[in-house]
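All residue numbers for the sequence shown refer to the working numbering, where the first residue is 22 and numbers rise by one.
All C-beta atoms, glycine included, are put in the ideal place defined by N, C-alpha and C.
Report on the following structure.
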Amino acid sequence: PILELPLDRLVQKLRDEELSLESVLCSYLEEALKVHQEVNCLTDFLDECEEQLQALKKLKKTERGLLYGVPITLKDPYNCKGHDSTCGLAQFLEKPAAKDGVIVKVLKAQGAIPFVKTNIPQTLFSAECSNPIYGQTLNPLRLKKSPGGSSGGEGVLFAQGGSILGMGTDTGGSIRIPASFCGVCGLRTTGYRLSYSGVASAIKVTSVAGPMARDVESLVLCLRALLSEDMHRLDPTVPFMPFREEIYSSNQPLRIGYCESDGFTQPSPSMARAMRLTSRLLQDAGHQVIPFSIPRIEYAVKHLFVGGLFADGGATLLEKLDFCWSCPSHPPLFLQEYRQEFIARWRSLDLDVLLTPAVDPAFDVGYSGKALDSFSYLHLYNVLNFPIGVVRVTSVTPQDEEDLAFYKGYYGDSSDTYFREALQGSVGLPVAVQCIALPWEEELCLRFMKEVETLVKNHREPE
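Put into structure tokens, the structure is as follows:
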């Protein structure tokens, strides 16, 4: 029963000492190892977890943090003292971190027990989950499918119950792709709402930290814990913004922008159906749903996102890969101008939040690079630096699969063809949507996610 408890109840039972710290940690460690044997998702065991557990037992009840005794998992690049953060690159092997990163320190101060690190693609710069050091991670929901990346090891652990809370990172969808491919929840926070100090990287571009879990309430508890005074004290570049309960707990009707298609990637049949279902449920619940169109999408994806990744001419990445090769620096980018244009359109409609497709269902292994353009729904919001959450809303139906045969895409090019091929054989796999808010509005984003999650849970789809 330990593995079946939602995070809030697990925390309560640990606080009330109805469950021992040892029984909870051992249960999750055993389950994580089982999942690893099936799909190869772990990269390191954090053996200091036993020592940390003993230290927690000595605390008075009043000294216990919000995550007292909760076993957590960490994506490979999170620095843990005495352990490698390889990013899947051999040159980072046997170069253990001298100290814990800021987020790891804050989580430990809140009583969480990091116990394993999880697999990633080489350089973290991929939506797959494979590297020459640790090999290929598979999707336990269907082994021929990718778990997504770059936080793929985290995604599969949640899908199979081997973790209850974990931390990923997101540069171009690296939390949201595994969350949607594996049918779990993930939150990409606004850049600098959480510290990125002590997280390894292979490219010089703003990546952000964010929690992953099986449900929205777990993400909320994690963010409450992370947004403590410790975060700002350890990294003064992060603003001190405690979690705003009044925004999350509000029950005012929302004005929701609805964008079923970004105009760049034609949504798959299951993506479009998931959007229409979610829109209907939200309207039935009393929320307003207003059509929203994305300004200059091709410019944003092709120039701002791709150009932004290599604004240093690719120098940082090439240095890590030890290539004797260079690519020209990208000309000055007009990110701020585009952000203002996007926000002006948002404000003109008086929106609270925005609903868009995620990218679903899970691709066949090896297709993410070929169908890279189809991740436009994800990449755009990294350009904008908006907080975004992923929530599962449905599963692929036989009718979706039939309709996929007629998918052409907007361009009819090789990327559209690969996208269609990547999605074949997906009946029963999860389909998610993205819940988006303006920068620094994580609490509103989570409130929207919770609303979607609750409405979907209470809705019974026809067989």
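Local Cβ density within 10 Å of residue i, reported as buried at 16 or more and exposed below that
| i | result |
| --- | --- |
| Lys138 | buried |
| Tyr320 | exposed |
| Asn272 | exposed |
| Ile93 | buried |
| Ser44 | exposed |
| Ile311 | exposed |
| Ala230 | buried |
| Lys79 | exposed |
| Pro290 | buried |
| Pro419 | exposed |
| Gly433 | exposed |
| Asn140 | buried |
| Pro22 | exposed |
| Ile315 | buried |
| Gly173 | buried |
| Lys55 | exposed |
| Ser447 | buried |
| Glu25 | exposed |
| Asp394 | buried |
| Arg413 | buried |
| Gln112 | exposed |
| Ala223 | buried |
| Asp305 | exposed |
| Asn479 | exposed |
| Arg368 | exposed |
Closest by C-alpha distance to residue i, when choosing among the options
| i | options | result |
| --- | --- | --- |
| Leu46 | Glu115, Phe136 and Leu88 | Phe136 |
| Pro117 | Glu266, His400, Thr107 and Leu450 | Thr107 |
| Ser201 | Gly183, Val177, Ser184 and Val386 | Val177 |
| Asn61 | Gly207, Val448, Gln157 and Ser147 | Gln157 |
| Arg360 | Thr377, Leu401, Leu476 and Val473 | Leu401 |
| Cys211 | Ala221, Met262 and Gln143 | What sits at residue 211 in the sequence shown is Thr, not Cys. Minimum Cα distance to Thr211 is reached at Met262. |
| Ser397 | Thr258, Pro378 and Ala111 | Pro378 |
| Phe440 | Ser389, Leu88 and Glu474 | Ser389 |
| Arg36 | Ser228, Leu302, Thr64 and Lys81 | Lys81 |
| Ser48 | Asp97, Lys429, Gly182 and Leu67 | Gly182 |
| Leu87 | Leu303, Glu39, Val322 and Ala133 | Ala133 |
| Val417 | Gly387, Ala383, Asp394 and Lys429 | Ala383 |
| His308 | Val473, Leu67 and Ile154 | Val473 |
| Ile318 | Gly189, Asp105, Ala234 and Val404 | Val404 |
| Ser436 | Ser239, Lys391, Ser270 and Pro288 | Lys391 |
| Glu71 | Asp424, Gln58, Leu50 and Asp236 | Leu50 |
| Glu67 | Leu425, Asp97 and Leu40 | Correcting the residue type first, residue 67 is Leu in the shown sequence and not Glu. The residue with the shortest Cα to Cα distance from Leu67 is Asp97. |
| Met252 | Val237, Glu84, Ala443 and Ile124 | Ile124 |
| Ser239 | Ser41, Lys478, Val32 and Gly169 | Val32 |
| Arg38 | Ser270, Asp65, Thr64 and Leu77 | According to the sequence provided, residue 38 is Glu. The question's Arg does not apply to it. Answer by Cα proximity: Leu77. |
| Trp461 | Gly204, Ala180, Ala234 and Ile268 | Ile268 |
| Ala221 | Ser282, Gly189 and Ile198 | Gly189 |
| Val241 | Leu399, Ser270, Ser228 and Lys478 | Ser270 |
| Gly109 | Asn152, Gln73 and Gln131 | Asn152 |
| Ser147 | Cys456, Ile364 and Leu399 | Leu399 |
| Ser228 | Ser195, Cys203, Val237 and Pro260 | Ser195 |
| Gly169 | Glu266, Cys203 and Phe363 | Cys203 |
| Tyr213 | Leu444, Arg481, Val237 and Val259 | Val259 |
| Arg297 | Ala180, Leu114 and Glu281 | Glu281 |
| Gln58 | Leu159, Leu40, Ala130 and His104 | Leu159 |
| Leu40 | Thr64, Tyr89 and Asp105 | Tyr89 |
| Gln455 | Glu423, Trp367, Met292 and Ala365 | Met292 |
| Leu95 | Glu362, Ala426, Gly219 and Phe363 | Gly219 |
| Phe179 | His324, Asp191, Pro27 and Lys471 | Pro27 |
Residue i and residue j closer than 7 Å at C-beta
| i | j | result |
| --- | --- | --- |
| Leu247 | Leu275 | no |
| Phe469 | Val374 | yes |
| Glu358 | Pro408 | no |
| Gly284 | Phe313 | no |
| Pro232 | Cys243 | yes |
| Val91 | Leu186 | yes |
| Cys150 | Asp121 | no |
| Ala453 | Cys466 | no |
| Thr475 | Ala295 | no |
| Leu145 | Ser184 | no |
| Pro162 | Leu356 | Position check: residue 162 holds Leu in this sequence, whereas Pro was assumed. No, the Cβ-Cβ distance between Leu162 and Leu356 is not below 7 Å. |
| Val386 | Ser167 | yes |
| Val205 | Arg245 | no |
| Gln287 | Gly430 | yes |
| Leu255 | Lys126 | yes |
C-beta neighbour in chain D for residue i, strict 7 Å
| i | result |
| --- | --- |
| Thr107 | The structure shown contains no chain D, having only a single protein chain. |
Checklist line | Every unbroken alpha helix (DSSP H) within the region 98–168, with a cutoff of 4 residues, ordered by chain | finding: 123–130
Checklist line | alpha helix (DSSP H) segments (min. 4 residues) lying fully within the region 229–262 | finding: Complete alpha helix (DSSP H) runs here, min 4: 237–247 and 250–255.
Margin query: Restricting to runs no shorter than 4 residues, where is the alpha helix (DSSP H) found entirely within the region 355–380?
Written below: 356–369
Checklist line | Contiguous alpha helix (DSSP H) assignments of at least 4 residues, all confined to the region 53–87 | finding: Within the region 53–87, the alpha helix (DSSP H) runs of at least 4 residues that lie entirely inside it are, in chain order, 70–78.
Checklist line | Within the region 289–317, ranges of the alpha helix (DSSP H) (whole runs, at least 4 residues) | finding: 290–305
Checklist line | Complete beta strand (DSSP E) runs within the region 368–437 (minimum length 3 residues, chain order) | finding: 374–378 and 409–416
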